[in-house]
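Visitor:
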Amino acid sequence: MAFNTKEDGGDDVMGEINVTPLVDVMLVLLVVFIVTAPLLTQAVHVNLPKTAETAPPDDKQASYLSVDAQGKIYIDKQEFPLEIIEGELKNRLATNPEFALNLNADDAVQYGIVAKVMSSIERAGVTKLSVLTVPQ
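Residue numbers for the sequence shown follow our numbering, so the first one is 36 and each next one is one higher.
1. Mapping the DSSP letters down to three states, classify Asn137 as helix, strand or coil.
2. Looking only at its own chain, which residues have a Cβ that is under 7 Å from the Cβ of Arg127, when we skip the five neighbours before and after it?
3. Excluding the 5 residues flanking Leu83 on each side, which residues of the same chain have their C-beta closer than 6 Å to its C-beta?
4. For Leu167, does the three-state DSSP call read helix, strand or coil?
5. Please state the DSSP three-state secondary structure of Ile148.
6. Could you tell me the boundaries of the alpha helix (DSSP H) in which Ala129 lies?
7. Rounding to the nearest angstrom, what Cα-Cα distance links Asn139 and Arg158 in this structure?
8. Output the boundary residues of the beta strand (DSSP E) element that contains Leu104.
9. Report, in whole angstroms, the separation of the C-beta atoms of Gly106 and Ile148, which I expect to be a contact under 8 Å.
10. Contact defined as beta carbons within less than 8 Å: I believe Leu164 pairs with Leu136. What is the distance between those atoms, to the nearest angstrom?
11. Quick one: using the 10 Å Cβ neighbour count with 16 as the cut-off for buried, is Gln77 buried or exposed?
12. Going by beta carbon distance, what residues of the same chain come within less than 7 Å of Ala73, once the five residues before and after it are set aside?
13. Name the residue from Asp103, Val67 and Gly160 whose alpha carbon lies nearest to the alpha carbon of Asp142.
14. Please classify Glu51: does DSSP put it in a helix, a strand, or coil?
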């Protein structure tokens, strides 16, 4: 689009492009990409037994929940029955909002027990969970 730039009403035309609308559109597109990019990359990372070596979990204040081959459940080497795991995890989460949990399950344990433990972890509200494996 051309505009008359002389005040005396001359016929000279301005041959430059007004870049302000272009910059506005580009900034809007940039904001859209910044907002939508994290939504496209959300994935659940699950480590399965006997996998390739991965980075070790952050051990700073993490507790360990272990399930042995007989199905016994331990939190930090103290045995708990399955029925009170959820309550114990809620208590620990209430005392420490940054509570993190590392889950160790024996390769020979029945899947149903591990599924019940993971359900208890979810109902307790634990959001920082690592499933630990042994490298091949």
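Don't be surprised by glycine CBs; every beta carbon is placed ideally from N, CA and C. Bear in mind that the values here come from a model prediction, so they are computed numbers and not experimental data.
Guide: In short:
1. Along the sequence shown, one-based indexing puts residue 137 at 102. The answer is strand: DSSP assigns Asn137 an E or B state.
2. On the sequence shown, residue 127 is found 92 positions in, with the first residue counted as 1. Answer for Arg127: Ser98 and Phe134, listed in chain order.
3. Locating residue 83 in the sequence shown gives position 48, counting from the first residue. The pLDDT assigned to Leu83 is 45, lower than 50, so where the model puts this residue is not dependable; a value taken from the coordinates is nonetheless given after this. The beta carbon of Leu83 is closer than 6 Å to none in its chain, skipping five residues each way along the sequence.
4. Counting from 1 along the sequence shown, the entry for residue 167 is found at position 132. In the displayed model, Leu167 falls within coil according to three-state DSSP, outside both helix and strand.
5. For the purposes of this step, residue 148 is taken as the residue at position 113 of the sequence shown. If DSSP states are grouped into helix, strand and coil, Ile148 belongs with the helices.
6. Counting from one through the sequence shown, the residue named residue 129 turns up at place 94. Start and end: Leu117 to Thr130.
7. Mapped onto the sequence shown, residue 139 falls at position 104. Mapped onto the sequence shown, residue 158 falls at position 123. Distance between the alpha carbons of Asn139 and Arg158 is about 18 Å.
8. Locating residue 104 in the sequence shown gives position 69, where the first residue counts as 1. Correcting the residue type first, residue 104 is Ala in the shown sequence and not Leu. Note, Ala104: premise wrong, no beta strand (DSSP E); not H, not E.
9. Along the sequence shown, one-based indexing puts residue 106 at 71. Along the sequence shown, one-based indexing puts residue 148 at 113. Yes, Gly106 and Ile148 are in contact; Cβ-Cβ is about 5 Å, under 8 Å.
10. The sequence position of residue 164 within the sequence shown is 129, counting from 1. The sequence position of residue 136 within the sequence shown is 101, counting from 1. Yes, Leu164 and Leu136 are in contact; Cβ-Cβ is about 5 Å, under 8 Å.
11. For the purposes of this step, residue 77 is identified with residue 42 of the sequence shown, where counting begins at 1. The predicted model places Gln77 with a pLDDT of 44, which falls under 50 and marks its position as unreliable, so this point remains unresolved.
12. Taking the sequence shown and counting its residues from 1, one reaches residue 73 at position 38. Note on residue identity: the sequence assigns Pro, not Ala, to residue 73. Spatial neighbours of Pro73 in its own chain (CB-CB distance under 7 Å, excluding positions within 5 residues in sequence) are not present.
13. Residue numbering aside, residue 142 sits at position 107 when the sequence shown is read from its first letter. When each option's Cα is compared against that of Asp142, the closest is Asp103.
14. Taking the sequence shown and counting its residues from 1, the one referred to as residue 51 is at position 16. Here Glu51 sits in coil by DSSP.
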